[in-house]
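Line by line, the protein sequences are chains X and A. Under my numbering, the first residue of the first sequence carries the number 1276, and numbering increases by one thereafter. Under my numbering, the first residue of the second sequence carries the number 1276, and numbering increases by one thereafter. Virtual Cβ for every residue (Gly too), placed ideally from N, Cα, C.
Protein chains: 2
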Amino acid sequence: MSSPSQTEKSPALIWLRDEPGTRRPSHSRAQIAAAAVRIADTEGFDAVSMRRVAQELGAGTMTLYHYVRNKDELVMLMNDTVMGEVLVPDGELPSGWREAITTIARRSRAAFERHRWTLDRVTDISIGPNGIKHFEQSLEAVRDTGLPAEKRLGLISLVDEYVFGYSLRETIDFGGEVGDEQWPPGTLELFERELQSGAYPCISSLMSDELHTDNVADGTRRTMQIISQPERFEEGLHQLLDGIEAGMGSAPKSN
Amino acid sequence: MSSPSQTEKSPALIWLRDEPGTRRPSHSRAQIAAAAVRIADTEGFDAVSMRRVAQELGAGTMTLYHYVRNKDELVMLMNDTVMGEVLVPDGELPSGWREAITTIARRSRAAFERHRWTLDRVTDISIGPNGIKHFEQSLEAVRDTGLPAEKRLGLISLVDEYVFGYSLRETIDFGGEVGDEQWPPGTLELFERELQSGAYPCISSLMSDELHTDNVADGTRRTMQIISQPERFEEGLHQLLDGIEAGMGSAPKSN
DNA sequence: CGTTAATCTCGTACATCGTACGCACAAGAC
DNA sequence: GTCTTGTGCGTACGATGTACGAGATTAACG
Chain X
1276 MSSPSQTEKS PALIWLRDEP GTRRPSHSRA QIAAAAVRIA DTEGFDAVSM RRVAQELGAG
1336 TMTLYHYVRN KDELVMLMND TVMGEVLVPD GELPSGWREA ITTIARRSRA AFERHRWTLD
1396 RVTDISIGPN GIKHFEQSLE AVRDTGLPAE KRLGLISLVD EYVFGYSLRE TIDFGGEVGD
1456 EQWPPGTLEL FERELQSGAY PCISSLMSDE LHTDNVADGT RRTMQIISQP ERFEEGLHQL
1516 LDGIEAGMGS APKSN
Chain A
1276 MSSPSQTEKS PALIWLRDEP GTRRPSHSRA QIAAAAVRIA DTEGFDAVSM RRVAQELGAG
1336 TMTLYHYVRN KDELVMLMND TVMGEVLVPD GELPSGWREA ITTIARRSRA AFERHRWTLD
1396 RVTDISIGPN GIKHFEQSLE AVRDTGLPAE KRLGLISLVD EYVFGYSLRE TIDFGGEVGD
1456 EQWPPGTLEL FERELQSGAY PCISSLMSDE LHTDNVADGT RRTMQIISQP ERFEEGLHQL
1516 LDGIEAGMGS APKSN
C-alpha cells in the first residue's frame, strides 16, 4: 500500500507541506529562518548548525526536525528569506524595462551584500515562493520590450548571471585599505616572488609603468582596489544593458 | 625568539613553502591534487575528505598533513589545478582583444563545466600560481585596447564576472530533458500550485500565450530549457562585449 | 661502516557535525 | 475522564577535520 517514495502523503518539498500548526507549535518557519539568518549574518554560514540554531531559539536540537526535514531544508528557508528582500515593493517597479531591470539588479546585489553567506552554498540553490515572485517581477520588468519569449527570458537570465557573478567576486573583496585581510595571508608575498621571476611582463608593466610603483605589494594592493571599486557594478550593468539594447534594435535573426 | 605567528620560517601560504622533497616523499602536490580532483569530478565535492583522498593515494589519512596544512590548502591545490586548465597554451592567444578575451572566457567556462565542484566552495577562493598566470594572460589579451589601466582592469573583471555568473547558473542546470532531476523533487508541483493562485500574471501569460501550453509542468520545463540553452553563453558574452566596445569609442569621461 | 638527526608515515583520540530513534508530555476531541 | 496525536527533546551513532606523538626510513657525517 505504502510505496517507498510516497508521493501523496507528506511531500518531499518543504513548500508543499503545511507548517506545524494544528496543535500549538512554539516556533514558526519564519522565526526559525530569521534566527538562522541572524546567526549567518553575524557569525558566518559555518556557524549555522542545527544545535546553534536551536540554541538561538531556546529549543532542543531535535525540535528543529519537527519543522524541517534536514539541514538543507533549513537552508532553503534561509535562502527564500533573502529572496524576499530582493522583491521590489508593490508599485515601485519603474515602467521602462531598463530602469525596471536595473532596480531589480540593484536590490539583488544589495541583498547579497547584506547576506554574503548566500553565495557560500550557491550550488544547491532551490527556488521557493519568493523565488517565483522574483521571477514574476523580472518578467514584468521586460514585458514591454516587444521581444519574443525566448529573448526576454534570455535577457533576465543574462542580467541575473551578471549580478550573481559580480556579487560573488565582491564577496572575495579585497576592498578598501586592506593588505591581505580577505586573501589568505602571504598572498602578497606570493605575488612579489612570482613577479620577480620576470615571467609576467604585462603585470609588471601595469604596476611599474601605469600604477607608478616599484613596490610589488603596493601595486598589487592598488590593482585589487581598482577591481573592487563599488561603482564598477553600475558601470558593468550599464555596459551590459547597452549591449543588450543594441541587439534589440536589429531585426531578430530568423533561424 | 619564536614569535607566535612566525613570518620567516614555514610561511602560512602553501605556495611559499617548498613541497616535501629532501628525503624521498611518496607523493607530490600535483599527485595529491589530481587524486582529489578525480574524486570531486566523479563522486562530487562532498566526497573529497582527507580520508578518501588518502585512500585514493594508498596512504594513511594523516600522511596528507605532511604535504598540506589543512583541508583548505588541499582545496587550494585543487583550484589551482583547475586554473591551470584555463590557461591558454603559448602562442594560441589571438591578437585582437575581443577574440583574445573570448578565448579566455570560453576556456574558463569549459573548465568550470568539467569541474562543477569548483563553484561549490566559491567564497573562500585564493589565488595561486596558475591564478597569477591567468591574470597575466587576461592583461595580455587587452593590452592593445589603448584603454587606461583602470578601464582594462575593469574590462577583464567584468568578463570574468559574467563567465563566473553564467557558469554558476549553469551548474544549477535543469538542462536537457529533465523534469526535476537537478531541482529538489516537487519543485514542479510548487510552480503548479503557486500559478493556480492567479497571482502571477506574467508567468501565466508567458506559459499559456507564448509557450502555448496549459500544462504548468510542461511550461515550466520549457522555460527552464530556454534558460539553459548552451548557446546563451556565446550570445551573452557577445552582447556584453558589444556594450563594452560601444563604451570604448566614446571619449573617456573626464571626471 | 655505524650513529645521528631530520624527514616521512600514520594509528589513536577527540570535538563537532547531521540526524535516526524513540520516549515523554500535553493539547484537543470525544 | 480517556484517547489520539501533535509537539518537544535526550541519547546515540557514524562521519568529518585534525592535534598529538610514536614509529619507520633515509641522507649525511663521522
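Where residue 1287(X) falls: helix, strand or coil (DSSP): coil
Any C-beta of chain X under 9 Å from that of residue 1288(A): yes
Residue-chain proximity (residue 1252(A), chain X), Cβ-Cβ < 9 Å: Lying before the first or after the last residue shown, residue 1252(A) is absent from chain A, which here runs from 1276 to 1530.
Contacts that residue 1439(X) makes with chain A (C-beta to C-beta distance below 9 Å): 1436, 1439, 1440, 1441, 1443, 1444
Bounding residues of the alpha helix (DSSP H) (the contiguous stretch that carries residue 1432(X)): 1424 to 1446
Closer than 9 Å to chain A by CB, residue 1376(X): no
Those runs of the alpha helix (DSSP H) which lie wholly inside the segment 1304 to 1353 of chain X and span at least 4 residues: 1304 to 1318, 1325 to 1332
Check whether residue 1416(X) and residue 1372(X) have beta carbons under 9 Å apart: yes
Cβ of residue 1341(X) within 9 Å of any chain A Cβ: no
Inter-residue Cα distance where the pair is residue 1427(A) and residue 1392(A): 30 Å
Boundaries (first-last residue) of the alpha helix (DSSP H) holding residue 1500(X): 1491 to 1502
Exposure label - residue 1389(A); buried when at least 16 CB within 10 Å: exposed
Residue 1398(X) in three-state terms, based on DSSP: coil
Contact with chain X by residue 1302(A), beta-carbon distance below 9 Å: no
Straight-line gap, residue 1291(A) to residue 1346(A) (C-alpha atoms, nearest Å): 17 Å
Residue 1446(A), buried or exposed, once every other Cβ within 10 Å from all chains shown has been counted against 16: buried
Chain A within 9 Å of residue 1369(X), Cβ atoms only: no
Three-pair Cβ contact test at 8 Å for the segment 1354 to 1361 of chain X versus the segment 1297 to 1313 of chain X: yes
Coarse secondary structure for residue 1357(X), derived from DSSP in three states: helix
Neighbour flag for residue 1379(A) against chain X, beta carbons, 9 Å: no
Endpoints, the alpha helix (DSSP H) within which residue 1517(A) is located: 1506 to 1524
Backbone secondary structure at residue 1377(A) - three-state DSSP: helix
Neighbourhood of residue 1387(A) by C-beta distance below 7 Å, restricted to the same chain and skipping five residues each side: 1393, 1394, 1442
Partner residues on chain A for residue 1299(X), Cβ-Cβ distance less than 9 Å: Per Cβ cutoff of 9 Å: no residues; residue 1299(X) is ~26 Å from chain A at best.
Selection of the segment 1395 to 1406 of chain A by Cβ proximity to chain X, strictly under 9 Å: 1395, 1396, 1397, 1398, 1399, 1400, 1401, 1402, 1403, 1404
Chain X contacts made by the segment 1414 to 1425 of chain A, where a contact means CB separation under 7 Å: 1414, 1415, 1418, 1424, 1425
Sequence-distant residues of the same chain with beta carbon closer than 6 Å to residue 1328(X), five excluded per side: 1310, 1311
9 Å Cβ cutoff, residue 1353(A) in contact with chain X: no
Chain X within 9 Å of residue 1349(A), Cβ atoms only: no
Partners in chain X for residue 1466(A), counting only beta-carbon separations shorter than 9 Å: 1402, 1407
DSSP three-state assignment for residue 1368(X), whether helix, strand or coil: coil
Alpha carbon of residue 1335(X) to alpha carbon of residue 1343(X), nearest angstrom: 14 Å
Contacts that residue 1411(X) makes with chain A (C-beta to C-beta distance below 7 Å): 1475, 1477, 1478
For residue 1455(X), three-class secondary structure by DSSP: Any answer about residue 1455(X) is weak, because its pLDDT of 46 lies below 50 and its placement is not dependable; what the coordinates show is given next. Coil, per DSSP.
Any C-beta of chain A under 9 Å from that of residue 1389(X): no
Where residue 1444(A) falls, given that 16 or more other Cβ within 10 Å makes a residue buried: buried
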